[in-house]
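Chains as they are written, first to last, in the working numbering: chain A, 1 to 313; chain B, 1001 to 1245. Virtual Cβ for every residue (Gly too), placed ideally from N, Cα, C. Fair warning: this is a prediction, and the values are worked out from it, not measured in the lab.
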Amino acid sequence: MGCRIMENVIEVKKLTKYYNELAAVDHINVEVGEGEVFGFLGPNGAGKTTTVRMLTGIIKPSSGTVSIMGIDIQRDPIKAKQMMGVVPELSNAYTELSAWNNLQFMAELYGVSKIDARQRAEELLMKFDLYGRKDHKVRTFSKGMKQKLIIAMSLMNDPEILFLDEPTSGLDVQSARLIRDMVLDLHKVGKTIFLTTHYMEEANQLCSRVAIINHGKIAAIDAPEKLKRRIGGLECVEVSFDMPVDVFDLPDISGVIDIRMSGDKLRLYTSEPGRTIYQLVDYSRSNNLEIVTLNTLTPTLEDVFIKLTEEME
Amino acid sequence: MIDQLKRACAIAKKDVRIYYLKGPVIIFGVLFPVFLFLAFVIGRDLPVDFLIAGLLSMTIFFTSMSVTPVIAPTETQTRNLERLAAAPVSITTILLGDMLASVLFGIGISLVPILSGMAIGVTVKHPFILAAGIVLAAFCFSAMGLIFSSTPTSMTSTVMMISTMVKFPLVFISGIFIPVGELPSWGRALASLSPLTYITDLCRYSFQGTGYYPIGVDIGALLLFLVIFMTAAVKLHEKSLPERL
């Protein structure tokens, strides 16, 4: 059985951007394979948006190279941009135009033929549940509808690579889910997606690999599960009782390093989860408490994110 | 090249749909020259063809320069600029699109003084030269407007204030109200530095049959100003675009 060799469609080498003396992005190297959903995570001000802007040819790097499907974006920005769809973090559709006219404008900017533009606009409006509002001005749309339209606009040229910068930020649950489903659908048909997000669970669900950036430098690049394993160490036992229990009410439990409240649950970070569970059961019996839930939790992508970004502080 | 031209036309179409009826465009592009002209004309006894030529050149000047300064700050404020910058179009293409929208507005509105003049009996002695001059001047002044819009701001009022500071003195040194030939030598030297002088002179030639400069000088000067303004606008926008994102 032959092994499919995945080609890198995005190659970033020693990419750097200085604003005055400050290195907003500092010699980063990233490779994204064809058909991959690649997550780009980092705290505010870490350099995510600056990186995406350089990758999409919106701003010029101070040094380093960006290759999009083999094309150097600095040498031939028009050709490189032609292959990608972009949803910038703070972008907007033209609110004085209708949804339909926004989509047609995008088609014209990307040189899509009129027939294809009509067909594609209809398909995308249907898919994003906006067809009924296609002739309405965008200023009458809700935030979720606007964001769906902006994503539809980025798909008008049927791009090979899609850059999504915080696509679900501030959206309601349904709209965010629709956009996540859209990402998975695009992944299924082989599109490459470069996703910047603050939502760890979103990255965990969607991305085959993630990069964590902090202070302009890459802290780690790997598959989410491999990253979780990499930080290893403590496990967490999450418990809730039928009566409120304060952190200070619990007895000393061997192996437990830290206890935190999490809503109506207690999280006990421990090196010996089995022993911790026994002692929690003993505690509930001796205090006439009933255990409502009891789970062992492995490190989440959020834990990885926190640990790696804290290490760089 | 052809692809980029088509995309510039798409940008122009978008600009026409969005910006023609914006307040600053109507105020600075239509109302402003009308009131300025009325302030000058009322109570003075001047030949009608002299007045119409002056009004026409002033109209092209104000209208062609009213759309381009509005687009960039507005799109900075409304967050459309990044989307446009991510598209496969060069800055020159974006500016050319904005300029085309402004040129069409300038040409369209300039028909009003021409038709008004013809309605009261003024004849155009050189219609083809007038038409060429109007188109050329509209491009030239639109490009001049693009220079103002390179200011890295999202405030349209800031750009309009800067452009008004330049436009006003130019109106007074460009032979609209006093023919260039009647100015003192320092005034004539100053007038020669203003692109408005040459379209005013070209309009006078087209309506009255005589101008101060040879017609070739008028057209050559407008072309030269167009090249200078467009080159400067592209350089300035390339520099200011990252600051406006």
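Task: Beta-carbon proximity of A/L162 to A/S175, cut-off 8 Å - done: no
Open item on the list: Under 8 Å, with one C-beta from each stretch per pair, do the region 260-273 of chain A and the region 75-94 of chain A reach the 3-pair mark?
Closed with: They do not touch, by the three-pair rule.
Task: CB contact flag (B/D1218, B/L1202, <8 Å) - done: yes
- [ ] Could you name the residues of the region 101-132 of chain A whose beta carbon sits closer than 8 Å to any beta carbon of chain B, in the order they occur along the chain?
- [x] N101, F105, M106, E108, L109, Y110 and G111
Open item on the list: Excluding the 5 residues flanking B/P1152 on each side, which residues of the same chain have their C-beta closer than 7 Å to its C-beta?
Closed with: S1240, E1243 and R1244
Task: Extent of the continuous beta strand (DSSP E) to which B/A1189 belongs - done: B/A1189 -> not in any beta strand (DSSP E); alpha helix (DSSP H) instead, spanning S1185 to A1191.
TODO: Please classify A/D158: does DSSP put it in a helix, a strand, or coil?
DONE: Coil at A/D158, not helix or strand.
Open item on the list: Assuming contact is defined by CB atoms lying nearer than 8 Å, are A/S98 and A/K134 in contact in what I supplied?
Closed with: yes
Task: Secondary structure of A/N29, DSSP reduced to three states - done: strand
Open item on the list: Would you call the region 1060-1077 of chain B in contact with the region 1019-1038 of chain B, where contact means no fewer than 3 C-beta pairs closer than 8 Å?
Closed with: By the criterion of at least three beta-carbon pairs nearer than 8 Å, the region 1060-1077 of chain B is in contact with the region 1019-1038 of chain B.
Open item on the list: Quick check: is the beta carbon of B/P1088 nearer than 8 Å to any beta carbon in chain A?
Closed with: Using beta-carbon distances, B/P1088 counts as an interface residue toward chain A, with a partner under 8 Å.
Task: Residue burial classification, A/Y19 (beta-carbon count within 10 angstroms, cutoff 16) - done: Note on A/Y19: under 16 other CB atoms within 10 angstroms of its CB, so exposed under the neighbour-count rule.
- [ ] Please report how far the alpha carbon of A/V304 lies from the alpha carbon of A/F38, in whole angstroms.
- [x] 16 Å
Open item on the list: I want to see whether chain A comes within less than 8 Å of B/D1003, judged by CB atoms only; does it?
Closed with: Answer yes: the Cβ-Cβ gap between B/D1003 and chain A drops below 8 Å somewhere.
Open item on the list: Within a Cβ cutoff of 8 Å, which residues of the same chain sit near A/M1, ignoring the five residues on either side of it in sequence?
Closed with: Confidence at A/M1 is low in this model, with a pLDDT of 42, below 50, so its placement is unreliable and no value can be given for it.
Task: Cβ-heavy atom distance, B/L1193 to the ligand SAH, below 7 Å - done: Ligands displayed in this structure: none; no statement on the ligand SAH is therefore possible.
Open item on the list: Under 8 Å, Cβ to Cβ, is there at least one residue of chain B near A/V86?
Closed with: yes
TODO: Take A/A152 and list the residues in its own chain whose beta-carbon comes closer than 6 Å to its own, dropping the five residues that flank it on each side.
DONE: L124 and F128
TODO: Measuring alpha carbon to alpha carbon, tell me which of A/N44, A/V32 and A/E34 ends up nearest A/N214.
DONE: A/N44
Task: C-beta neighbour in chain A for B/E1082, strict 8 Å - done: For B/E1082, the nearest CB of chain A lies under 8 Å from its own CB, placing it at the interface with that chain.
Open item on the list: Give me, in chain order, the residues of the same chain whose beta-carbon lies closer than 6 Å to that of A/L297; leave out the 5 immediate sequence neighbours on both sides.
Closed with: Result list for A/L297: C236 and E238, in chain order.
Open item on the list: At the 8 Å Cβ level, is B/R1204 part of the contact set with chain A, yes or no?
Closed with: no
TODO: Compare the C-beta of B/K1235 against all C-beta atoms of chain A and say whether one is closer than 8 Å.
DONE: no
Open item on the list: Let me confirm a value: B/T1156 is counted as buried when at least 16 other C-beta atoms fall within 10 Å, else exposed. Which label applies?
Closed with: So B/T1156 counts as buried.
Task: DSSP state of A/A93 mapped onto helix, strand, coil - done: coil
- [ ] Enumerate in chain order the residues of its own chain whose CB-to-CB distance from A/K217 is below 6 Å, with the five nearest sequence positions on each side excluded.
- [x] Excluding residues up to 5 positions away in sequence, D26 lie with their Cβ nearer than 6 Å to the Cβ of A/K217 in the same chain.
Open item on the list: Cβ closer than 7 Å: which chain B residues qualify as neighbours of A/Q82?
Closed with: P1088
Task: Pairwise C-alpha distance: A/E160 and A/M83 - done: 6 Å
- [ ] Step through the CB atoms of chain B and report whether any lies within less than 8 Å of the CB of A/T56.
- [x] Yes, A/T56 lies at the interface with chain B (some Cβ there is under 8 Å from its Cβ).
- [ ] Taking all protein chains shown into account, decide if B/M1165 is buried (16 or more other Cβ within 10 angstroms of its Cβ) or exposed.
- [x] B/M1165 should be labelled exposed.
Task: Within 8 Å of chain B by C-beta, residues of the region 274-292 of chain A in sequence order - done: none
- [ ] Have a look at B/L1036 and B/L1055 and give me their C-alpha separation to the nearest angstrom.
- [x] 9 Å
Open item on the list: Beta carbons nearer than 7 Å to chain A: which residues of the region 1018-1031 of chain B have them?
Closed with: Going along the region 1018-1031 of chain B in chain order, one finds I1018 with a Cβ nearer than 7 Å to chain A.
- [ ] Please classify A/M126: is it buried, with 16 or more other beta-carbons within 10 angstroms of its beta-carbon, or exposed?
- [x] exposed
TODO: Could you tell me whether any Cβ in chain A is nearer than 8 Å to the Cβ of B/K1014?
DONE: yes
Open item on the list: Rounding to the nearest angstrom, what Cα-Cα distance links A/L308 and A/L227 in this structure?
Closed with: 10 Å
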